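*Asks:* In terms of this note's numbering, the sequence shown opens at residue 1142 and continues consecutively.
One structure follows; several queries about it will come next.
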Amino acid sequence: MPLWLDMLRTPMAAPETRDLRRLRRIWQVLCLLLAASVAGLQPLMRISGQAAPCAIASLLAATLLTTALYLARKHRADTAFLEPAGEDQ
């Protein structure tokens, strides 16, 4: 069997569970909110004054923590899924 066909048939990741999907969507929303808040910093500063940078810092911290949590859970799920198949490279 050609290598490309063998790799095509080999599962590369675990199926996404409901919890992982929810966590991924939360992460995506946090990333979009962070990008929008950075892009709209001046209007936010006019509306909320000096609280805007603190809010953006909070969004950044939440995004970083969610990223670390998602990556850890995804890695754990992929490892558990691929180990029985003998794919632990």
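Backbone N, C-alpha and C fix where the C-beta goes; we use that ideal spot for every residue, glycine too.
Small disclaimer: the values here were computed from a predicted structure and weren't measured.
1) So, at 6 Å on beta carbons, what are the nonlocal neighbours of G1181 in its own chain, with the 5 sequence-adjacent residues on each side left out?
2) Do you know offhand how far L1161's Cα is from A1176's?
3) Taking 8 Å as the cut-off, decide whether the C-beta atoms of L1164 and A1203 are in contact.
4) Give me the residue from A1192, Q1169, Q1191, R1187 with the minimum Cα distance to L1205.
5) Which same chain residues end up closer than 8 Å to L1196 when comparing Cβ atoms and leaving out the 5 residues on each side of it in sequence?
*Replies:* Quick answer:
1) Within the sequence shown, numbered from 1, the residue matching residue 1181 stands at position 40. So no residue of the chain qualifies.
2) Walking along the sequence shown from the start, residue 1161 turns up at place 20. Walking along the sequence shown from the start, residue 1176 turns up at place 35. Cα to Cα, L1161 sits roughly 22 Å from A1176.
3) Locating residue 1164 in the sequence shown gives position 23, where the first residue counts as 1. Locating residue 1203 in the sequence shown gives position 62, where the first residue counts as 1. Not closer than 8 Å, so no.
4) Locating residue 1205 in the sequence shown gives position 64, counting from the first residue. Selected option, being the one with the closest Cα: Q1169.
5) Here residue 1196 refers to the residue found at position 55 of the sequence shown. Note that residue 1196 is Ala in the sequence shown, not Leu. Answer for A1196: S1178, L1185, S1189, listed in chain order.
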